[in-house]
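>
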Amino acid sequence: MFENHHKMSECHGTSNMHDCKSHCHHPKVSIGKIVTKVPVVLAELTLQVNVDATITFPEAVLEIKDIKKTIKLTQCRLLLPSNKLFVKGFVRKNIQYASPCKEIEETSLSSIASDLHSYTVDIPFQCVTDIKHFLSMPVMPEVNNRQEFDFFISKPLPSGYPEKDELQTHDLSQFHQESHQFYNEIPYCELVSSKIIEWDEAIDRCPLPHSGPIGEGYFRTIEEKMVIDICVKVLQNQQIRVTSTTNDECD
Numbered sequence: 190m191f192e193n194h195h196k197m198s199e200c201h202g203t204s205n206m207h208d209c210k211s212h213c214h215h216p217k218v219s220i221g222k223i224v225t226k227v228p229v230v231l232a233e234l235t236l237q238v239n240v241d242a243t244i245t246f247p248e249a250v251l252e253i254k255d256i257k258k259t260i261k262l263t264q265c266r267l268l269l270p271s272n273k274l275f276v277k278g279f280v281r282k283n284i285q286y287a288s289p290c291k292e293i294e295e296t297s298l299s300s301i302a303s304d305l306h307s308y309t310v311d312i313p314f315q316c317v318t319d320i321k322h323f324l325s326m327p328v329m330p331e332v333n334n335r336q337e338f339d340f341f342i343s344k345p346l347p348s349g350y351p352e353k354d355e356l357q358t359h360d361l362s363q364f365h366q367e368s369h370q371f372y373n374e375i376p377y378c379e380l381v382s383s384k385i386i387e388w389d390e391a392i393d394r395c396p397l398p399h400s401g402p403i404g405e406g407y408f409r410t411i412e413e414k415m416v417i418d419i420c421v422k423v424l425q426n427q428q429i430r431v432t433s434t435t436n437d438e439c440d
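Using our numbering, the first residue of the sequence shown is number 190, and each one after it goes up by one.
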């Protein structure tokens with residue numbers, strides 16, 4: 190009975206991959222001159238940023254095994270109506286390193302025991318550059334404006350003035366205004382690619398506190414120099430006119 194229950198509780202499943210047929214749908218296309226709103230590339234450029242930073246590890250480092258780097262942009266803003274592009278961001282660095290560990294084995298004249306650890310840090314950078322050549326001109330922002338207006342009134346003058354004269358002015362008890370607000374399309378950026386050339390060097394390396402192999406030591410602080418090349422596209426949503434002349438069937 191137990192064997193029968195065991196067989197009943199087993200679940201057997203199979204999966205097969207089958208071909209599925211597809212056919213092309215004929216799209217509904219508007220014919221003629223059409224106004225559409227699409228992202229327009231204003232410029233595509235490569236920025237070069239130079240960074241000099243100091244990184245301090247939370248423990249002693251025997252040697253660095255690997256460093257993985259990623260660019261993170263936090264700001265890329267074209268300051269219209271100028272051609273100044275402001276860029277801010279970080280270089281995310283994940284550093285894998287070996288740290289001496291005497292709990293595994295005491296250091297000797299011929300060996301050092303170590304643990305593999307990692308340390309992640311963000312290195313900030315920022316720069317401002319000119320866009321000297323626009324692939325397409327940006328749509329400049331419309332400026333908000335406010336205008337006040339008044340209405341003419343006439344009132345009798347108090348005693349002491351000629352009876353035929355009147356006070357002609359505007360009504361101080363009323364306020365009239367016409368205001369215009371424009372909601373402009375702000376340019377934005379897309380990160381295309383990046384390249385980093387770096388130089389990392391320990392600045393506080395010292396020998397191991399006790400006897401160890403020749404030339405071995407540890408450090409806690411490194412100084413790094415980076416040359417960062419960042420390729421970005423600057424875009425803006427704009428209205429453009431396109432022409433559609435055919436609506437051919439799909440082959």
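We treat Cβ as the ideally placed atom computed from N, Cα and C, and that holds for glycine. Quick caveat, the model's predicted, so the values are computed rather than measured.
Taking 8 Å as the cut-off, does the stretch 318 to 330 touch the stretch 341 to 359 (at least 3 CB pairs, one atom from each stretch)?
Cβ pair count under 8 Å is below three, so no.
> Can you say whether K282 is buried or exposed, counting buried as having 16 or more other CB atoms within 10 angstroms of its CB?
When all chains shown are included, K282 counts as buried.
> Got a sec? Which residues, its chain only, sit under 7 Å from Q315 by beta carbon, not counting five neighbours each side?
These residues qualify, in order along the chain: V276, K277.
> What is the rounded straight-line gap between the Cα of F142 and the Cα of N334?
Within the shown structure, residues of the chain are numbered from 190 to 440, placing residue 142 beyond reach of any answer.
> Leaving out five residues on either side along the sequence, give the residues of the same chain with a beta carbon under 7 Å from the beta carbon of S433.
Hits under 7 Å: V218, S219, I220, G221, I223.
> Measuring straight from C-alpha to C-alpha, what distance separates D399 and S307?
The sequence as given places His at residue 399; Asp does not occur at that position. Computed Cα separation, rounded: 25 Å.
> Note down, in chain order, each residue of its chain lying with its Cβ closer than 8 Å to the Cβ of Q366, except the 5 sequence neighbours on either side.
Hits under 8 Å: R335, Q336, E337, F338.
> Provide the residue span of the beta strand (DSSP E) that contains T263, from first to last.
That run of the beta strand (DSSP E) goes 252 to 268.
> Assuming the contact rule is C-beta atoms closer than 8 Å, I312 and V240 should be a hit. Round their C-beta distance to whole Å, please.
About 6 Å; that satisfies the 8 Å criterion.
> Is E413 near E387, with beta carbons less than 8 Å apart?
Closer than 8 Å, so yes.
> Using 8 Å as the cut-off, can you tell me whether the stretch 378 to 385 makes contact with the stretch 255 to 268, which would need three or more C-beta pairs spanning the two stretches below that distance?
The stretch 378 to 385, when compared against the stretch 255 to 268, does touch it at the 8 Å Cβ threshold.
> Can you give the Cα-Cα distance for Q425 and S368, rounded to whole angstroms?
Going from the Cα of Q425 to the Cα of S368 covers about 26 Å.
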